[in-house]
Amino acid sequence: MSVNDVTTNEVANAALSCEGIVKSFQGVVAVNGASFSVPEGQITALIGPNGAGKTTVVNILSGSMKSDGGTEHIGSTDVSNWESYQIARMGLMRTFQLSRELGGLTVLENLLVAPKTQSGESLFNIFFRPGKTKREEHANTQRALDVLQTYGLYALRDNRARELSGGQKKLLEISRAVMAEPKILLLDEPMAGVNPALIEKIGGYILDLKAKGVTILMVEHNLNVVEKICDHVIVLAEGRTLATGRLSELRENKEVVRAYLGEVIDASSAR
Amino acid sequence: MTQVFYYVFTLIFFLFDYFILAMGLNIQYGETGILNFAYIGFVAIGAYVTGAVSLPNSVGTGQHYILGLNMPFPFNLLIGGLTASAFAVLVALISLRRLRTDYLAMVLISLSLVLYDICNNFVPLFNGADGLYNVPAPLAGVLHLTTNSFIPVIALVTGVIAMFLWWVMSRITQSPLGRTFRAIRDDETVAAALGKNVFRKQLTSMLIGSFYAGIGGGLIIQFGGSFNPSAWLPGETFVVFAVIIVGGVGNNVGLLMGSLLVETLLVHLPAFLPAIPGHPGLIEYIDAMLIGVLLMVMLWFRPQGVVPERVRKSTVIDKLLLNSNGASAVGESLHDEEATSVSQ
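Quick note, the sequences are listed as chains A and B, same order. Here the numbering used here is used: the first residue of the first sequence is 1, the next is one more, and so on. Here the numbering used here is used: the first residue of the second sequence is 1, the next is one more, and so on.
What follows is the structure in structure tokens.
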């Protein structure tokens with residue numbers, strides 16, 4: 001149960017794993033040797049008190065930020081310190097804690113940006129293979145409209161993304177990542193600041209993605225949600241992996257309780 | 001009366017030429033978000049190289065310059081555009097890899113000053129402060145044109161080139177590539193997280209924009225027959241910025257409007273006014289001030305420009321895709337009304 005014993009057995013069916021990730025910002029250590037693996041096809045929660053380094057870990061795993069040390073594997077490929085776009089092309093997509101919509105683009109265009117290989121992104125194809133570009137664009141548009149339908153954003157397809165509400169932007173983040181057909185999806189607080197009905201909805205979407213075989217790692221503070229949808233939990237504290245396991249097991253772990261769960265257990269016993 | 005006729009064609013020339021320049025800056029700044037404060041440097045490279053390849057060998061001309069290939073139109077222009085593009089690769093490698101936004105802008109404006117000093121002081125390159133002159137007029141030999149009758153011809157030629165480049169630019173901005181450019185402009189971290197190689201796309205955008213800058217510059221030296229450092233003080237970059245901001249960043253029709261309002265009406269029309277007695281050059285200063293004021297007024301009251309960027313509606317995207325077979329992705333199996341709005 002304790003920290004650094006990521007066994008080879010676990011790594012074998014891990015979709016994503018990291019070992020000894022270190023990152024500091026001008027002397028402040030944000031991540032201090034975090035190691036864990038994310039099992040394939042499951043939903044894993046990344047929890048921990050504020051300042052535990054969860055978002056920094058997500059940023060490093062997705063390549064948006066460079067680590068100071070440590071290794072990262074997607075499947076068996078070493079992707080340590082790869083560029084963000086290279087990691088994305090390996091099938092790892094992420095969302096952002098504060099929604100980052102492409103504001104000047106419409107909702108539909110936000111989704112259309114996402115497919116990884118588009119022949120229409122090359123100057124040569126635009127002018128010399130317009131037929132192929134058009135067919136691809138047509139297929140992508142169809143699929144994007146279907147995704148928007150699924151996520152309840154269809155009516156907003158022609159609005160500029162910056163005009164959406166907070167909850168709608170959360171949905172746009174997820175649907176844009178889905179449009180890219182990820183194998184692994186990192187969700188950074190997908191339910192922060194949204195109303196209970198929408199939390200329910202987003203939880204359903206995440207379970208649907210799992211059913212389609214997507215591996216999910218989500219940063220989440222709401223333990224009710226974690227309990228309901230997550231198979232596996234990783235606890236970060238002070239930039240280190242404190243424990244991993246099922247939430248029910250972790251509730252018995254004194255260290256974890258002290259660092260994070262204490263109040264919540266009280267609250268849930270009152271429930 | 002004939003004088004007025006030539007004035008009008010001079011204005012038409014500048015209208016189209018600055019439309020070309022505006023399209024080039026717009027793909028870099030308006031579409032991709034690269035704050036290229038060195039833009040006028042690319043225009044100058046296009047102009048110098050176009051001039052230097054059209055002139056004969058420099059020995060015995062009284063000027064010093066490289067190349068001197070007697071190259072005819074339009075090949076000289078093409079070489080000018082391509083050289084500006086090649087220079088863009090160099091600039092991008094120096095500056096775009098690591099720098100962003102304000103810092104990038106500072107480095108670019110410095111690069112433009114360095115380039116200016118080199119061209120101004122290193123005489124063997126492009127004749128130093130005197131610049132290039134006696135550049136042969138395009139098609140003049142073929143069509144037997146005089147100095148004056150040449151003006152409508154080059155205005156027309158520039159118009160044709162501008163229309164062609166407009167068509168090319170529309171194809172690019174409406175393509176997935178253009179959409180990826182705009183994604184990078186809006187948030188390059190997100191674009192990278194979606195698997196876009198941001199540096200390569202920015203480089204592509206720089207290449208395209210600089211080619212337009214080079215062509216625009218090449219036409220300027222062909223129009224005037226001469227080009228020297230006083231024509232491209234680094235501040236000239238901001239005239240092109242004024243064109244695209246006033247006209248409308250991200251909209252090609254807006255750029256044509258901007259070129260008409262700023263370059264044609266503000267910069268060149270007053271040049272034909274009689275000088276204010278006792279104050280030579282005062283009109284130009286008033287001009288420069290007016291551009292500054294116009295820029296501020298626009299940014300304050302109408303930052304989207306006279307003709308704002310279009311919202312690319314799904315029906316429009318669809319029409320572009322399917323004009324051949326008439327089927328429609330939108331509304332095929334989906335109903336507008338059943339889609340939900342999310343509470344909150």
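Note that CB positions come from ideal geometry on N, CA and C, so glycine has one too. Since we're looking at a predicted model, the values are computed, not measured.
Query, Result
"8 Å Cβ cutoff met for Leu46(A) and Leu236(A)", "yes"
"Environment of Asn76(B) [buried if 16+ CB atoms lie within 10 Å]", "buried"
"Partner residues on chain A for Thr180(B), Cβ-Cβ distance less than 7 Å", "Val113 and Glu121"
"Option in Val307(B), Asn57(B), Asp187(B) and His64(B) with minimal Cα separation from Asn70(B)", "Asn57(B)"
"Status (buried if at least 16 other CB within 10 Å, exposed otherwise) for Gly292(B)", "exposed"
"Sufficient close CB pairs (3 or more, under 8 Å) joining the stretch 117-129 of chain B to the stretch 58-66 of chain B", "yes"
"Tyr7(B) versus Asn125(A) - alpha carbon distance", "42 Å"
"Bridge partners - Pro39(A), DSSP secondary structure assignment", "Ala14(A)"
"Buried or exposed by the 16-neighbour rule on C-beta atoms within 10 Å, applied to Val239(B)", "buried"
"Arg185(B): contacting residues in chain A (beta-carbon distance under 9 Å)", "Leu102 and Gly104"
"Chain A within 8 Å of Thr32(B), Cβ atoms only", "no"
"Within 8 Å, strictly: CB atoms of Glu263(B) and Phe14(B)", "yes"
"Boundaries of the beta strand (DSSP E) in which Thr71(A) is found, first to last residue", "Gly69 to Ile74"
"Chain-ordered neighbours of Asp158(A) on chain B, where CB pairs are closer than 7 Å", "Val311, Lys313 and Ser314"
"Proximity to Gly239(A) [Cα-Cα], best of Gly63(A), Lys134(A) and Val31(A)", "Val31(A)"
"Cut-off 7 Å between Cβ atoms - residues of its own chain near Asn81(A), not counting five sequence neighbours on either side", "Lys66 and Ser67"
"is_contact[Glu200(A), chain B] using C-beta, thresh 8 Å", "no"
"Residue from Asn222(A), Cys230(A), Leu92(A) and Lys254(A) whose Cα sits closest to the Cα of Val194(A)", "Asn222(A)"
"Buried versus exposed, by CB contacts within 10 Å (16 or more), Gly27(A)", "exposed"
"Continuous beta strand (DSSP E) stretch holding Asp187(B): start and end", "Where Asp187(B) is concerned, there is no enclosing beta strand (DSSP E), given that its DSSP letter is neither H nor E."
"Bridge-paired residues (DSSP) for Val31(A)", "Lys23(A)"
"Status (buried if at least 16 other CB within 10 Å, exposed otherwise) for Ser76(A)", "exposed"
"Arg182(B) burial status per 10 Å Cβ neighbour count (16 or more: buried)", "buried"
"CB contact check: Pro303(B) to chain A, cutoff 8 Å", "no"
"Selection from Gly258(B), Val267(B) and Phe42(B) that minimises the alpha carbon distance to Val307(B)", "Gly258(B)"
"Thr50(B) beta carbon less than 8 Å from that of Gly218(B)", "yes"
"Pick from Arg258(A), Glu227(A), Pro190(A) and Gly53(A) that is closest to Ser248(A), judged by C-alpha positions", "Glu227(A)"
"Beta-bridge pairing of Ile184(A) - partner residues as DSSP gives them", "Leu92(A) and Thr215(A)"
"Closer than 8 Å to chain A by CB, Val198(B)", "yes"
"Residue-chain proximity (Ala192(B), chain A), Cβ-Cβ < 8 Å", "yes"
"Residue environment, Ser343(B), which counts as buried when at least 16 other CB atoms sit within 10 Å", "Low local confidence applies: a pLDDT of 38 at Ser343(B) is under 50, so the model's placement there is unreliable, with the coordinate-based value given in what follows. Flag for Ser343(B) reads exposed."
"Pairwise C-alpha distance: Ala177(A) and Asp186(B)", "17 Å"
"Among Val147(A), Ala34(A) and Gly120(A), the one whose alpha carbon lies nearest that of Glu137(A)", "Gly120(A)"
"Contact with chain B by Glu137(A), beta-carbon distance below 8 Å", "yes"
"C-beta contact flag for Thr101(B) and Leu25(B) at 8 Å", "no"
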